[in-house]
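For reference, the structure discussed in these notes is given below.
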Amino acid sequence: DADTSPTPQAAVAAAAGAGLGLVYPAATGGATLTVGESVQLEPRIGGRCTGQPAADRVATSVAATQAAFTVRPALPEGLHLGRVNGVISGSPAAPSQATTYRVVLTLEAELTLQVEEQTSPSCVTYSINEDFATRLATVTDVADLLPEPAKSRSYGDWMIWMVHRAWLNDPALADLNFNNMHMPPAHVEERIAPKLMQAMTTNTHIQVLSLSNSNLQKPQAVELAAALQRNTTLRSLNLECNWLDSSSVRELALAIRANPKSCIEHLRFSHQKQMGQFFGRPTEEAVGQMMERNETIVKLGFECDDAHWRNLIDRALLRNNDTRRRQSGPLPEDDELPPAQARTLGHVLLQAPPTGDSPAEVLPVGGGDAHRCVLHDYVLQSRKLPTTSQLQSCAKNIGLPLPYTKAAPLIRECRSVMLNTCRGKQVVVTDAFGLEATGILHSWSDVNDHWSVDIWTDTGERMSFRSRKEPSLSISKAWVAWLQEGKVTHSGTVGGG
C-alpha cells in the first residue's frame, strides 16, 4: 500500500546580501523544501539575468578575483553551498524549522597606486620675479604694460605677463597658447590659471585658447565653464591631456549649451590623464545635448561610447559643417566626418538652380554655334541632358549634321558645368535599384569613366554614389525657368530620338 502520511519537509529562508545585489530568486520570501527532493538554488548578482546561466555567470564574474561564498549558520543536512559559484544544491536529509541563512560573498582585488610629488609647479614658482609680478599687477592699461619677459629664461614671469594681457583685454592678443607649458595649481600660484579663467569671462579679443597638456586642474575647468556662459568671441578651445574629470567636462558642455551666442568652432576634451577613454553617460549626454543645440562647432575632440549620443553628435557635426560650407566655402577634411554610405550611381536630378551664375554661362547659346543652340533647346524641352546619339539625331533632323567627335565633348562639357554650378545645391540621386536620396551635392568626379557623386542628405547622412558609366542627368522645372532667362531664340524644332 502507498504511504499516505505527510511528506517530511524542511523550511529554508534565505537572506543573501540583497543590499549588495546578491539574491536567490527561487528562495525570495522563503522556500519550503521536501526531504529527498533535489535542490538547485542559483544566485543572481545585480538581481537580473543576462542570458548566461546564473551559476556560470557568477563563476565567471569572480574567477578573475579572489572570492568565496560562505553561509551562516550551516545549511540543513544534505544541502551544500558552492564556494566559487554560490549554488545551494543537494537533497535535504531531515526536516528542520524555518531558519534564516546568510550567504556572504567576499571579494578581494589588488590595486597598485603610486603618488609622486609635483616638482614642476615649484619650478615655475621659483622662476617668478615677485618684484616684476607686483609691478605688473598695478598696470591697469594695456598701453602701460611692462616689456615682455624672455620666455626661455623667465618662464613664470612670461606666463604671468600673458595672463595679465588677457585680464586687460589686450586687443593684440587673439591667440593664447600654453600648450605643453606647466601651469602651477591654484593653491601654488593664483596669478596664472585661476586668473586666466576669470579673464575669459570679460575678454573680447582672444579667439584661440590652447591649453593642451598645461596642467589644467578640475576647479579651473569649472571656473572656465562659468566664463564660457558669457564669452562670445572664443572660437577655438583645446583642453586635451590635462587633469579634468567627467564632472568638469560636463560643466563645460552645459555652459556652452547655455550660451546661445557662443562662437566656439573647435573644441577638444580628449585624453585626460585621470580618465579612461570615455567620460561616462552623464557627460556624453551633456555633450550630445550641447551639440544638438549648437550650430557653430565643426570639430569636436571627444570620445563617446553611447551609440545614441555618438550618432547625435556625428549628425550635429555634419549639419554644422554643411552650414559652414554654405556660408564660408571650404569643407573640413572628409576623414574628420562620419563615413559615407556607398551606392551604385544611376541618375541625378538637379533641383535647385544656381544663384550666382548666369544662365548663359551654364548653358551658352548663340555666338554662331548652332550646335550649342540645339543642345540648349533639347534640355529646355525634355528637361534632361541628351545622350550623344540623341543630340546627333536632333541636329540631323533640323539639317545640322553633328559628328560624334563634337557631340560627345559638347555634352561632357555641359554636364560638367551644370554639376559644378550645383555644388552646395539640392539634388536627387537615384541608385541602380531606383531608390532616391535627396541631399546637398558635396562633390563629383569623372576619372577614366569612373563616376563618383557624393551628397549630404537632409537626415545628416553622407552618401557616395559610384558607377563605371555616365549617369543620366535631368533638371527640375525651376531649372527650366532659370535657363529660360538666358535663352536666345533659335529657329527650328528639336525632334528625333
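For the sequence shown, my numbering begins at 34 and goes up steadily by one. Glycine included, C-beta positions come from ideal geometry on N, C-alpha and C.
Whole-number beta carbon distance between residue j and residue i, since they are thought to touch under 8 Å
i, j, result
"VAL407", "LEU506", "No, VAL407 and LEU506 are not in contact; Cβ-Cβ is about 17 Å, not under 8 Å."
"SER509", "LEU383", "7 Å"
"LEU242", "SER269", "7 Å"
"GLN253", "ALA219", "6 Å"
"LEU435", "HIS404", "5 Å"
"ALA100", "LEU144", "At roughly 16 Å, the Cβ-Cβ gap does not stay under 8 Å, so ALA100 and LEU144 are not in contact."
"ASN327", "ARG357", "12 Å between Cβ atoms; not a contact."
"THR420", "TYR437", "Actually they are not in contact, since the Cβ atoms of THR420 and TYR437 sit about 11 Å apart, beyond 8 Å."
"ALA440", "LEU424", "5 Å"
First through last residue of the beta strand (DSSP E) which encompasses residue i
i, result
"ALA470", "469–480"
"LEU32", "Residue 32 cannot be examined here, being either before or after the span of the chain that is shown, 34 to 530."
"LEU242", "241–243"
"TYR57", "Looking at the DSSP string, TYR57 is not in any beta strand (DSSP E), and its letter there is neither H nor E."
"ILE488", "483–490"
"GLN423", "Note, GLN423: premise wrong, no beta strand (DSSP E); alpha helix (DSSP H) at 421–430."
"GLN141", "Correcting the residue type first, residue 141 is Glu in the shown sequence and not Gln. Its beta strand (DSSP E) spans residues 129–141."
"GLN459", "459–464"
Sub-8 Å separation of residue i and residue j beta-carbons
i, j, result
"GLN231", "TRP276", "no"
"PRO128", "GLY111", "no"
"SER247", "PHE211", "yes"
"ARG548", "VAL196", "The structure shown does not extend to residue 548, since the chain is modelled only from 34 through 530, so no value can be given for it."
"GLY457", "ILE444", "no"
"ALA226", "LEU249", "yes"
"GLN459", "ALA385", "yes"
"LEU300", "ALA258", "no"
"SER531", "ARG499", "Beyond the ends of the chain as shown, which are 34 and 530, falls residue 531; an answer cannot be given."
"ALA288", "LEU261", "yes"
"THR316", "SER279", "yes"
"GLY533", "PRO76", "In this structure the chain extends from 34 to 530, so residue 533 is not present and cannot be described."
"PHE102", "LEU146", "no"
"SER245", "ASN264", "no"
"GLY467", "ARG352", "no"
"THR490", "THR471", "yes"
"GLY334", "GLU273", "yes"
"ARG416", "VAL513", "yes"
"ILE121", "VAL72", "yes"
Extent of the continuous alpha helix (DSSP H) run through residue i
i, result
"GLY321", "314–326"
"ASP410", "403–415"
"HIS197", "188–200"
"LEU108", "No alpha helix (DSSP H) holds LEU108; DSSP gives it neither H nor E."
"ALA375", "Here ALA375 belongs to no alpha helix (DSSP H); instead the beta strand (DSSP E) covers 374–383."
"SER269", "Premise fails: SER269 lies in the beta strand (DSSP E), 269–271, not in any alpha helix (DSSP H)."
"VAL255", "251–261"
"VAL282", "279–291"
"SER550", "Residue 550 lies beyond the residue range present for the chain, which begins at 34 and ends at 530; the question has no answer from this structure."
Same chain only: Cβ atoms within 7 Å of residue i, ignoring 5 sequence neighbours per side
i, result
"LEU396", "HIS409, VAL412, CYS447, LEU516"
"ALA340", "none"
"ASP338", "PHE311, GLU317"
"GLU336", "SER303, GLN310, PHE311"
"ALA87", "Model confidence at ALA87 stands at a pLDDT of 46, short of 50, so the residue's coordinates are unreliable; what they give is reported in the following sentence. Only GLU75, PRO76, ARG77 meet the Cβ criterion."
"PRO58", "ARG77"
Beta-carbon contacts of residue i that lie in its chain and below 8 Å, excluding the five residues immediately before and after
i, result
"ALA97", "Bear in mind that a pLDDT of 45 at ALA97, under 50, signals an unreliable position, so the number given afterwards is only what the model happens to contain. Answer for ALA97: no residue qualifies."
"GLU256", "PRO227, MET230, GLN231"
"ALA170", "HIS197, ARG224"
"VAL172", "LEU178, LEU179, HIS197, LEU201"
"ASP203", "VAL175, LEU178, HIS238"
"ARG105", "TYR134, ARG135, VAL137"
Residue i: CB within 7 Å of a non-hydrogen atom of the ligand ADP
i, result
"VAL241", "The ligand ADP is absent from the structure shown, which contains no ligands of any kind."
Neighbourhood of residue i by C-beta, 6 Å cutoff - its chain only, sequence neighbours within 5 removed
i, result
"ALA465", "THR377, GLY379"
"PRO387", "THR454"
"SER497", "ALA373, ALA375, ASP487"
"MET214", "SER247"
"THR40", "For THR40, the predicted model reports a pLDDT of 45, less than 50, meaning its position is unreliable; a value from the coordinates is still stated below. Only THR67 meet the Cβ criterion."
"ASP208", "VAL241"
"SER155", "A caution first: SER155 carries a pLDDT of 46, below 50, which makes its placement in the model unreliable, though a value can still be read off. If we look at SER155 and ignore the five residues flanking it on each side, it has no Cβ neighbours."
"SER449", "none"
"VAL95", "With a pLDDT of only 49 at VAL95, under 50, the local geometry of the prediction cannot be trusted, and no value is derived from it."
"ALA511", "PRO386"
"PRO182", "ASP190, TRP191, TRP194"
Residue i at chain D interface by Cβ criterion, 8 Å
i, result
"ALA440", "The structure shown contains no chain D; it is built from a single protein chain."
Can you find at least 3 beta carbon pairs, one from the segment 190–202 and one from the segment 132–140, that sit closer than 8 Å? no
Three or more beta-carbon pairs under 8 Å between the segment 341–349 and the segment 312–325, yes or no? yes
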